[in-house]
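**Student:** Here our numbering is used: the first residue of the first sequence is 59, the next is one more, and so on. The beta carbon of each residue, even a glycine, is placed where N, CA and C say it ideally should be. Remember, predicted model here, so these are calculated numbers, not experimental data.
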Amino acid sequence: MHSNYYPNIIEKKWQKFWEEKKLFSCEKDEGKKKYYLLEMFPYTSGSLHIGHIRNYTIGDVLARYKKMRGYNVLHPIGFDAFGLPAENAAIEKNIQPREWTYRNINQIRSQLKRLGFSYDWEREVITCDKDYYKWNQWFFLKLYEKGLIYRKKSAANWCPNCQTVLANEQVMNGHCYRCGTEVSIKKFPQWFLKTTDYAEELLRGIENLEGWPFAVKKMQTNWIGQSEGMEIKFRLSDNSAQIPVFTTRPDTVFGATYIVLSPQHPLVREIIKKKPQIRGKVELMKKDQLKKEEIEKKGIFSGFEVINPVDQEKMPLWIANYVLVEYGTGAIMAVPAHDQRDFEFAKKYNLPIKVVIHPSGSNLKKDNIKEAYTEEGVMINSAQFNNLTSEEGRKEISKWMEKEKIASHKVNYKLRDWCISRQRYWGTPIPIIHCKKCGVLPVPEGDLPVILPSNVKITGKGGSPLNKASSFLDCRCPQCGGQAKRETDTMDTFVDSSWYFLRYTSKNRGHLPFDTREANYWMPVDQYVGGVEHAILHLLYSRFFTKALRDLGLIQIKEPFKKLLTQGMVVKDGAKMSKSKGNVVEPGKIIEKYGVDALRGFILFAAPPQIDLEWKEEGLEGIERFLKRVWKITVQWIEFKNQKAIEDSLFKETESMRIYRPGLKNEEKNLQRIVHHTIKKVSEDIEKRYHFNTALASLMELVNFLYRYPHKKSSIYREALSILILLLSPFTPHICEELWQRMGSKGSIFTYRWPTYKKEFLKKEEVTVVVQINGKLRDKINVLAGEKDKKIENIALKRDKIRKYTRGKTVKKTFYVPDKLINIVIE
RNA sequence: GCCGGAGUGGCGGAAUUGGUAGACGCAGUGGACUUAAAAUCCACUGGAUAAUUUAUAUCCGUGCCGGUUCAAGUCCGGCCUCCGGCACCA
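#1: Per DSSP, what kind of secondary structure is Tyr-94 in: helix, strand or coil?
#2: Within 10 Å of its beta-carbon, does Lys-710 have 16 or more other beta-carbons around it, so buried, or fewer, so exposed?
#3: Counting only the same chain and skipping the five closest in sequence on each side, list residues whose C-beta sits under 7 Å from that of Thr-310.
#4: In terms of DSSP beta bridges, what is His-903 paired with?
#5: Shortest alpha-carbon distance to Gly-677 belongs to which of Tyr-874, Leu-657, Tyr-64, Pro-247?
#6: Using three-state DSSP, classify Leu-570 as helix, strand or coil.
#7: Need the endpoints of the beta strand (DSSP E) that Ser-285 sits in, please.
#8: Is the beta carbon of Leu-598 less than 8 Å from the beta carbon of Leu-206?
#9: Count the other C-beta atoms from every protein chain shown that fall within 10 angstroms of the C-beta of Glu-576, then say buried if there are 16 or more, exposed otherwise.
#10: Buried or exposed for Met-549, please, with buried defined as at least 16 other CB atoms from any protein chain shown within 10 angstroms of its CB.
#11: Beta strand (DSSP E) containing Asn-215: first to last residue?
#12: Under 8 Å by Cβ, that's how I've got Lys-355 and Glu-402 pegged, so tell me the actual separation to the nearest angstrom.
#13: Looking only at its chain, what residues have a beta carbon closer than 7 Å to the beta carbon of Ala-843, apart from the 5 residues adjacent to it on each side?
#14: What is the DSSP secondary structure of Asp-706, reduced to helix, strand or coil?
#15: For the beta strand (DSSP E) holding Arg-122, just list the boundary residues, first then last.
#16: If I measure Cβ to Cβ from Cys-496 and keep anything under 6 Å in the same chain, skipping five residues before and after, which residues do I get?
#17: Specify, as a first and last residue, the run of the alpha helix (DSSP H) that Cys-794 falls within.
#18: Starting from Glu-725, follow the beta strand (DSSP E) in both directions and report where the run begins and ends.
#19: Specify the secondary structure class of Arg-480 as computed by DSSP and reduced to three states.
#20: Helix, strand or coil for Met-627 per DSSP?
#21: Note down the Cα distance separating Gln-221 from Asp-425, rounded to an integer number of angstroms.
#22: Would you mind giving the Cβ-Cβ distance between Gly-287 and Lys-468, rounded to the nearest angstrom? I have them listed as a contact below 8 Å.
#23: Give the straight-line distance between the Cα atoms of Lys-727 and Tyr-775, rounded to the nearest whole angstrom.
#24: If the criterion is Cβ atoms closer than 8 Å, does the pair Gln-335 and Asn-379 meet it?
#25: For Trp-249, which beta-bridge partners are listed by DSSP?
#26: What would DSSP say about Gly-901, mapped onto helix, strand or coil?
#27: Comparing alpha-carbon positions, which option in Glu-433, Glu-434, Ser-448 lies nearest Phe-440?
#28: What separation, rounded to the nearest whole angstrom, lies between the Cα atoms of Lys-349 and Lys-210?
#29: Are the stretch 477-489 and the stretch 516-524 in contact at 8 Å, needing three or more beta carbon pairs?
#30: Can you tell which of Ala-593, Thr-115, Lys-124 has the C-alpha that lies nearest to the C-alpha of Glu-742?
#31: My output table needs one value for Val-841: the three-state DSSP class, helix, strand or coil.
#32: Rounded to whole angstroms, what is the Cα-Cα separation between Arg-167 and Lys-244?
#33: May I have the straight-line CA-CA distance separating Lys-771 from Trp-695, to the nearest angstrom?
#34: Which first and last residues belong to the alpha helix (DSSP H) in which Asn-881 is found?
#35: Name the residue from Asp-655, Arg-836, Glu-85 whose alpha carbon lies nearest to the alpha carbon of Arg-857.
#36: Where does Pro-155 land, buried or exposed, given buried means 16+ other C-beta within 10 angstroms?
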């Protein structure tokens with residue numbers, strides 16, 4: 059046994075021990091309180107970097123802590139393995155995506171094991187395994203049956219040279235990332251999940267997510283984007299068609315001076331039939347609108363007129379690029395006086411402006427306004443609604459329009475249905491068959507999984523690779539038995555990650571995606587830890603999936619993640635660590651030099667988890683120093699004792715250490731108080747605030763105190779030491795396990811209970827009270843704790859330093875904060 | 001433009017409910033140990049002024065301006081800067 063601290067030796071030893079003893083594998087146990095801790099599983103595009111390690115270290119501290127608190131902890135891990143990077147690697151390195159992916163998985167898995175995280179490896183999930191993606195297909199069928207999946211034409215980025223679809227991140231300034239050709243937009247049928255069916259529930263559910271960061275909830279709320287208003291029916295002056303429009307400002311309806319259709323609005327097709335001369339312009343506008351950069355407003359006059367149903371006024375009908383077809387009704391009423399966009403458009407095309415809202419107390423003239431007045435105000439030019447405030451106007455006009463049957467109340471969402479089609483190889487094949495005779499048919503459940511063929515050539519050119527794999531493509535129609543073709547789209551990888559947390563709950567899951575009884579025991583995830591970049595999509599899709607699966611009767615919960623912790627990035631020299639910036643730190647080298655515990659300690663100590671972490675190697679040295687100090691005082695103590703004495707004195711009880719004892723000497727009482735204070739501080743920092751940095755700081759203070767403590771052979775010192783090791787163990791588990799065993803324990807430290815503190819031992823007998831004169835610190839006095847304010851005042855007023863200030867003045871008032879501070883107000 | 005978040009020493013950060021601003025650590029300075037270095041240990045370490053035999057004393061200080069309060073990093077009003085999200089959503 060070495061008397062020096064060699065992290066690499068002890069770390070490997072205990073990692074092996076934990077794995078062999080299956081210390082962190084868990085089973086459903088109704089008699090025990092469960093705790094499901096989940097970290098976002100790694101994407102298998104390379105090896106782990108410091109950011110991952112930060113994520114998993116945060117989770118690991120919580121998992122180990124909860125275990126010591128007596129919870130039945132589920133702490134699983136897996137691999138998010140489908141996706142575009144594997145195809146890119148296939149093209150660049152001439153390697154099969156599967157081979158490349160599994161190589162990465164093996165690499166990451168061995169990294170995770172070398173880091174000693176407390177995972178239950180028996181529950182591992184790999185999303186590109188057929189046993190996993192089979193269930194993506196199965197859910198697809200179930201949701202299809204329920205009418206939650208449909209197919210429609212939709213636009214995608216298209217490279218005309220490579221003849222392939224591009225993901226947004228493959229489009230660089232409007233050009234193909236591979237060949238540099240200008241990217242165009244192509245429309246073709248794709249598969250959609252009806253997330254909008256759940257828009258309202260997804261929105262309302264946010265309110266109940268008490269353990270989620272406010273910022274994430276806000277982002278999801280904005281993303282769902284609910285707005286309430288009226289749908290008003292305008293009609294063409296020749297009565298040939300109705301044009302419903304959505305507005306959140308029915309109070310401005312008398313101010314509408316023209317109506318605008320999106321170029322993609324269905325009515326535009328009818329208009330073109332009657333006015334073929336605008337066809338070219340409209341087609342051009344449609345194309346322009348699909349581009350992201352387009353900002354200049356452009357319009358085409360349709361030649362038609364529309365009647366405003368509230369006053370029968372006629373107004374022109376325009377087609378313009380600033381109206382989106384996907385939102386509302388694809389048409390708007392334009393109120394240039396009170397909407398900035400309409401204002402700009404009206405100015406450009408010389409359209410009338412009609413003021414219907416005044417700022418209260420001042421006048422607004424249509425000829426001299428420079429921008430739209432979008433605030434609240436008082437109504438004018440609005441018939442019987444004049445002189446109402448805009449707020450009242452909204453209510454009254456809405457009521458009146460509903461009565462007149464010209465409008466109805468409407469709630470709109472920005473949230474769109476989720477397009478899950480990807481024209482890619484490395485993903486879950488969508489289980490659909492296209493038959494010329496029978497049409498679009500789902501693959502029968504018994505035929506699942508539809509296996510992704512291997513040895514498909516990935517070239518990055520000429521559409522989806524599956525289109526060229528005839529063994530995959532050709533099949534029999536499940537209905538007529540004739541020749542048919544398989545769907546070649548694969549699923550968005552976000553489908554994989556929308557339910558993986560359910561899969562983890564069951565160990566035996568051969569014939570089901572997960573065991574419902576297991577899922578009902580373990581779910582919801584009590585604590586989810588991951589990057590804030592997933593604040594919207596992944597978390598929203600998972601919430602959607604959970605609700606959809608609940609409606610399929612597969613689970614009982616409404617929300618998948620009870621608490622969410624979003625950790626900050628790891629930065630170095632002021633920039634996010636990335637290969638392109640050349641500031642990546644190689645974790646393997648750090649571990650070799652300092653050990654896993656020092657790396658964990660640094661990550662946890664340098665900043666609270668929610669904020670960005672600045673990588674500084676000097677900081678690691680500081681933690682290493684601290685760990686050596688812990689090592690030194692413990693090993694020193696062990697050397698004082700013979701092994702027999704250790705066994706006799708220690709670890710008789712598995713509950714917390716005794717360190718509560720009456721009749722102690724002063725310095726012992728001091729030690730007792732500091733130990734109890736540290737227990738409280740560390741427990742609360744972990745549990746209530748995730749402030750691991752301050753928890754470690756208080757442990758450092760305890761170590762500093764123990765360093766100076768004179769009676770290193772006393773039993774209270776031994777108890778303090780063992781509590782220190784227990785409190786430190788979730789943060790730096792390996793060194794603590796080693797020291798714990800050396801101190802004489804037989805079992806793992808993680809089978810011991812977390813220490814608890816007693817309030818009575820937190821109290822000081824003597825306290826330092828700050829004396830302020832008019833709020834400024836002037837003196838400090840040491841007094842017995844719990845003294846009355848009058849007594850403190852008397853003592854303070856007798857002090858020389860204080861008399862200097864009070865001489866010749868009168869004391870007006872004093873404020874006393876018990877055992878802390880007295881403020882004497884003079885003159 | 002809209003919606004969030006954040007600004008504290010040379011640096012990372014602490015101050016949890018309005019009550020000693022700067023815990024803990026890094027870096028730095030001085031000293032001990034050593035033939036020497038590393039390691040370790042001890043002390044100091046926000047700024048300014050005064051004093052220095054000693055102790056210290058006074059003022060300033062949490063992005064800026066103002067307010068509330070006996071007391072403000074913390075609360076209120078108005079700005080500035082940075083970071084993140086959304087963005088022609090009617």
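**Tutor:** Reading from the atomic positions:
#1: strand
#2: Summary for Lys-710: the model assigns pLDDT 47, below 50, so the residue's position carries little reliability, and this model does not support an answer.
#3: Val-393, His-396, Val-414, Ile-415
#4: Missing from the structure shown is residue 903; the chain here goes from 59 to 885 and no further.
#5: Leu-657
#6: coil
#7: 285-294
#8: no
#9: buried
#10: buried
#11: 207-217
#12: 6 Å
#13: Lys-821, Lys-822, Glu-823, Glu-824, Val-825, Asp-877
#14: Low confidence applies to Asp-706: its pLDDT is 49, below 50, so where it sits in the model is not reliable enough to give any reading.
#15: Premise fails: Arg-122 lies in the alpha helix (DSSP H), 108-126, not in any beta strand (DSSP E).
#16: Cys-535, Gln-537, Cys-538
#17: 791-800
#18: Looking at the DSSP string, Glu-725 is not in any beta strand (DSSP E); the run it does join, the alpha helix (DSSP H), is 724-742.
#19: strand
#20: coil
#21: 53 Å
#22: 6 Å
#23: 11 Å
#24: no
#25: Arg-209
#26: Not covered by the structure: residue 901. The range shown for the chain is 59 to 885.
#27: The sequence shown places Ser at residue 440, rather than the Phe named in the question. Among Glu-433, Glu-434, Ser-448, the Cα nearest to that of Ser-440 belongs to Ser-448.
#28: 20 Å
#29: yes
#30: Lys-124
#31: strand
#32: 40 Å
#33: 7 Å
#34: Looking at the DSSP string, Asn-881 is not in any alpha helix (DSSP H); the run it does join, the beta strand (DSSP E), is 879-884.
#35: Arg-836
#36: buried
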